[in-house]
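In the numbering used here, the protein residues as written are 2 to 104. Think of the CB as a built atom: it goes at the ideal place given N, C-alpha and C, for glycine as much as any other residue. The next block holds one structure in the form of structure tokens; read it before the comments.
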């Protein structure tokens, strides 16, 4: 599939995914602070959801900031593909005391 996402936006989003991975300690702090509200069995999935949410929010914000418009359906599908390729890396970063290597 040829890319329709603006190359500048694509680079920003790859950088944002890297930031989310490097900042996984922040996400883990959030889930730890909510332990009384979160089922322990779902804690990692909630952390993963927070990580994806941070990237998703950045995507929409950066699309408006950089391209001065809302994202297209094709651009959204490309974001989903980017996240799918790096999902394992994001999940691994959300494991306490694991070293994280960026792609």
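**Prompt:** Where residue 13 and residue 97 are concerned, what is the direct C-alpha to C-alpha distance, given to the nearest angstrom?
**Reply:** When rounded, the distance between both Cα atoms is 27 angstroms.
**Asked** How about residue 28 and residue 56: do their beta carbons lie closer than 8 angstroms?
**Response** Annotated as distal: residue 28 and residue 56, with beta-carbon spacing of 8 angstroms or more.
**Message:** Determine whether the beta carbon atoms of residue 95 and residue 52 lie at a separation below 8 angstroms.
**Reply:** A distance below 8 angstroms separates the beta carbons of residue 95 and residue 52.
**alpha helix (DSSP H) segments (min. 4 residues) lying fully within the segment 16-67** = 25-34, 44-63, all fully within the segment 16-67.
**Residue burial classification, residue 31 (beta-carbon count within 10 angstroms, cutoff 16)** = So residue 31 counts as exposed.
**Message:** Quick test of your reading: residue 71 and residue 65, contact by CB under 8 angstroms. State the CB separation rounded to the nearest angstrom.
**Reply:** Between the beta-carbon of residue 71 and that of residue 65 there is about 7 angstroms, and that keeps the pair under the 8 angstroms contact cut.
**Item:** Residue burial classification, residue 20 (beta-carbon count within 10 angstroms, cutoff 16)
**Value:** With a threshold of 16 other beta carbon atoms within 10 Å, residue 20 falls short and is exposed.
**Request:** Using a threshold of 8 angstroms, state whether the C-beta atoms of residue 80 and residue 49 are closer than that.
**Result:** No.
**Request:** With DSSP as the reference, label residue 82 as helix, strand or coil.
**Result:** Taken through DSSP and simplified to helix, strand or coil, residue 82 comes out as helix.
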